[in-house]
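Below is one structure, written out as structure tokens, with a few remarks after it.
In my numbering, the protein residues as written are 6 to 264.
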């Protein structure tokens, strides 16, 4: 009887330990999952994410802190490209573990005093989230203790019009992001959705895309018979097709207009 009671107590203690460990462990959002929901105050008012952005692509990105040099250059470049992102139905949302008062003071300084790479007097017109508690940053794994205990790394989440995470990029605190690459990736994802294709290494809009590989013997024969001025196959599993930039952007615009 005593042995049985001791065994049951040991099992119960183990269960409590496992439960505590599971509570401490955070599951970070992954590609293909729904973007974690949150309500937050921003420099442009309160947002309810991703519901408020349904029908648009979103670049949700974090920066380590206000009044830091690398972050300042990133915000200036993002703002200078805001219209380009809007043309591909994409909105920007920034975040750091700073207060609204800090955000507003920093953004005013950027507008009034900072010049970078020919960009000056840049008024930031996309929302910057107040996340002083780190609540939103925690949902998205933006604080990584081996990089810094309190500052967010340079995370980028590309979220599609259905609120699904389509791409995740992480940069260290010391190195700024390439916004042209982020824009290129959004266009590549939109091209994939519209044309059901893939994009090769170093692809840029207007260059050849990759047709999905065939999965049956009959499809292999059909694929090899596709050789033409527009399609070239190096072998049965790798075929490239022309996709002129004008056609690509017209189709992407038409698809985005339906949202």
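Positions of the beta carbon are idealized from the N, C-alpha and C atoms, including for glycine. Given the structure is predicted, the values throughout are model-derived calculations rather than measurements.
Cα-Cα separation between residue i and residue j, rounded to whole angstroms
i           : j           : result
residue 247 : residue 216 : 10 angstroms
residue 222 : residue 203 : 21 angstroms
residue 165 : residue 101 : 22 angstroms
residue 96  : residue 58  : 8 angstroms
residue 225 : residue 251 : 30 angstroms
residue 125 : residue 181 : 18 angstroms
residue 118 : residue 54  : 32 angstroms
residue 145 : residue 132 : 17 angstroms
residue 134 : residue 230 : 53 angstroms
residue 253 : residue 52  : 32 angstroms
residue 153 : residue 128 : 29 angstroms
residue 249 : residue 45  : 41 angstroms
residue 245 : residue 205 : 9 angstroms
residue 92  : residue 211 : 17 angstroms
residue 168 : residue 43  : 12 angstroms
residue 26  : residue 33  : No answer about residue 26 holds up, because its pLDDT of 43 lies below 50 and its placement is not dependable.
residue 235 : residue 143 : 47 angstroms
residue 239 : residue 198 : 24 angstroms
residue 123 : residue 60  : 33 angstroms
residue 85  : residue 237 : 38 angstroms
residue 192 : residue 138 : 34 angstroms
residue 232 : residue 63  : 38 angstroms
residue 89  : residue 56  : 23 angstroms
Residue i vs residue j beta-carbon contact at 9 angstroms
i           : j           : result
residue 67  : residue 184 : no
residue 65  : residue 162 : yes
residue 346 : residue 170 : The question about residue 346 has no answer, for the chain in this structure spans 6 to 264.
residue 130 : residue 87  : yes
residue 179 : residue 75  : yes
residue 243 : residue 218 : yes
Presumed contact (8 angstroms Cβ cut-off) between residue i and residue j, rounded CB distance
i           : j           : result
residue 94  : residue 207 : At roughly 24 angstroms, the Cβ-Cβ gap does not stay under 8 angstroms, so residue 94 and residue 207 are not in contact.
residue 73  : residue 121 : That belief does not hold up - the Cβ atoms of residue 73 and residue 121 are roughly 13 angstroms apart, past 8 angstroms.
residue 209 : residue 189 : 6 angstroms
Of the listed residues the options, nearest to residue i (C-alpha basis)
i           : options               : result
residue 1   : 212, 242, 69 and 76   : For residue 1 there is no data in the structure shown, the boundaries of the chain being 6 and 264.
residue 140 : 187, 35 and 104       : 104
residue 2   : 234, 230, 200 and 56  : Because residue 2 is not part of the residues shown, which for the chain are 6 to 264, the question remains open.
residue 38  : 172, 228, 191 and 195 : 172
residue 99  : 254, 71 and 205       : 71
residue 259 : 238, 195 and 235      : 195
residue 177 : 122, 245 and 150      : 150
residue 80  : 91, 116, 32 and 234   : 116
residue 106 : 192, 174, 47 and 84   : 47
residue 3   : 238, 174, 240 and 241 : Within the shown structure, residues of the chain are numbered from 6 to 264, placing residue 3 beyond reach of any answer.
residue 220 : 241, 138 and 232      : 241
>> Does the structure place the stretch 149-160 close enough to the stretch 110-119 that three or more beta carbon pairs sit under 8 angstroms?
In response: no
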